[in-house]
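Peer 1: Line order of the protein sequences matches chains G and C. Under this note's numbering, think of the first position of the first sequence as -6, with each following residue one higher. Under this note's numbering, think of the first position of the second sequence as 53, with each following residue one higher. All C-beta atoms, glycine included, are put in the ideal place defined by N, C-alpha and C. Small disclaimer: the values here were computed from a predicted structure and weren't measured. Below you'll find the structure I mean.
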Amino acid sequence: GQNIDQPTEMTATEGAIVQINCTYQTSGFNGLFWYQQHAGEAPTFLSYNVLDGLEEKGRFSSFLSRSKGYSYLLLKELQMKDSASYLCAVRDKGSYIPTFGRGTSLIVHP
Amino acid sequence: EAQVTQNPRYLITVTGKKLTVTCSQNMNHEYMSWYRQDPGLGLRQIYYSMNVEVTDKGDVPEGYKVSRKEKRNFPLILESPSPNQTSLYFCASSLFRITGELFFGEGSRLTVL
């Protein structure tokens, strides 16, 4: 199994940049996901990393370092609608099933 | 439209009264799964299915049953609900591929009195 750790809550200002970290311990690694979840809604897929490096998708980027067991989600030009919970999920080698961290609640204020 | 549909979306019931939460997907996905989400605990997997007639326990299966008689449907059954099963439930599905991102239903908020 995995042990996944991410901050419980973060706040940031509209227009700024915020980095949400996720650390994990796993016996084998087969991919890391980031999901966004607005309050009372379903999680939606943001990104997938399986190799080291940065994946950029518009205002959102995700970084992975497998040797450090570390990922971050970078949100640029923050908007109020980015206020949500961000879930890190890790998949073990040989498994199809991701395990979710407890999520980071991001509050964007004007 | 590609979607995962859960019903009911909201339900208040009493201890011991059997209930079923239905889940249906129209994307021909092999993999389906049920999660519960509780404050401070995140998403925890209840049961999952890799294909028709193949189901397995997740991290918190006690008090739940599932079946996968057809590829599109994956109902969650609470035979004798208890108050500790009050939670927000999500069904999810995905294709078996490199990324295999999950598509989630809109959630079912269950209260057991």
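In the segment 94 to 162 of chain C, which residue ranges form an unbroken beta strand (DSSP E) of at least 3 residues, counting only runs that do not cross its ends?
Peer 2: Taking only runs of at least 3 residues, the beta strand (DSSP E) segments lying wholly in the segment 94 to 162 of chain C are 94 to 103, 106 to 109, 128 to 130, 139 to 146.
Peer 1: Going along the segment 141 to 164 of chain C in order, which residues come within less than 9 Å of chain B, judged by CB to CB distance?
Peer 2: Although the question refers to chain B, the structure presented lacks it and instead comprises the protein chains G and C.
Peer 1: Can you tell me whether G:M73 is helix, strand or coil according to DSSP?
Peer 2: What you label residue 73 of chain G is simply residue 80 of the first sequence in a count that begins at 1. Helix.
Peer 1: What's the call for G:Q30, buried or exposed, on a 16-neighbour Cβ count within 10 Å?
Peer 2: Stepping through the first sequence from its first residue, residue 30 of chain G is reached at position 37. G:Q30 should be labelled buried.
Peer 1: Look up C:Q58 in the DSSP assignment and give the residues it is bridged to.
Peer 2: Numbered from 1 along the second sequence, position 6 holds the residue referred to as residue 58 of chain C. Beta-bridge pairing links C:Q58 to C:C75.
Peer 1: Quick one: what does DSSP say G:D45 is sitting in, helix, strand or coil?
Peer 2: On the first sequence, position 52 is the one that residue 45 of chain G refers to. In the structure shown, G:D45 sits in coil (DSSP, three-state: anything other than H, G, I, E or B).
Peer 1: Can you tell me where the beta strand (DSSP E) holding C:L165 begins and where it ends?
Peer 2: On the second sequence, position 113 is the one that residue 165 of chain C refers to. No beta strand (DSSP E) contains C:L165, which DSSP labels as neither H nor E.
Peer 1: As a quick exercise: from C:Y99, C:S85, C:Y116, C:R120, pick the residue whose alpha carbon is nearest that of C:G110.
Peer 2: In the second sequence, the residue the question calls residue 110 of chain C occupies position 58. Nearest C-alpha to C:G110: C:Y99.
Peer 1: The segment 40 to 66 of chain G: which residues have C-beta closer than 7 Å to a C-beta of chain C, in chain order?
Peer 2: Within the segment 40 to 66 of chain G, the qualifying residues are Y41.
Peer 1: If we define contact as Cβ-Cβ less than 9 Å, is C:L128 a contact residue for chain G?
Peer 2: Counting from 1 along the second sequence, the entry for residue 128 of chain C is found at position 76. No, C:L128 lies away from the interface with chain G (no Cβ there is under 9 Å from its Cβ).
Peer 1: Consult DSSP for C:P91 and reduce its assignment to one of helix, strand or coil.
Peer 2: In the second sequence, residue 91 of chain C corresponds to position 39, counting from 1. DSSP places C:P91 in coil when its eight states are reduced to three.
Peer 1: Identify the contact partners of C:Y62 in chain G, using a Cβ-Cβ distance below 9 Å as the criterion.
Peer 2: As a first step, residue 62 of chain C is located in the second sequence; it is residue number 10 there, counting from the start. The premise fails here: C:Y62 is roughly 11 Å from chain G at the closest Cβ pair, so nothing lies under 9 Å.
Peer 1: Name the one or two DSSP bridge partners that G:H102 has.
Peer 2: Translated into positions along the first sequence, residue 102 of chain G becomes position 109. G:H102 is bridged to G:T6.
Peer 1: Select from C:G159, C:L128, C:Y62 the residue whose C-alpha is nearest the C-alpha of G:E34.
Peer 2: Taking the first residue of the first sequence as position 1, residue 34 of chain G is located at position 41. Cα-wise, what sits closest to G:E34 is C:G159.
Peer 1: Is there a Cβ of chain G sitting closer than 9 Å to that of C:S139, yes or no?
Peer 2: Here residue 139 of chain C corresponds to residue number 87 of the second sequence, with the count starting at 1. False, the Cβ-Cβ gap to chain G never drops below 9 Å.
Peer 1: I'd like to know whether the C-beta of C:Q77 is nearer than 9 Å to at least one C-beta of chain G.
Peer 2: In the second sequence, counting from the first residue as 1, residue 77 of chain C sits at position 25. So no, C:Q77 is outside the interface.
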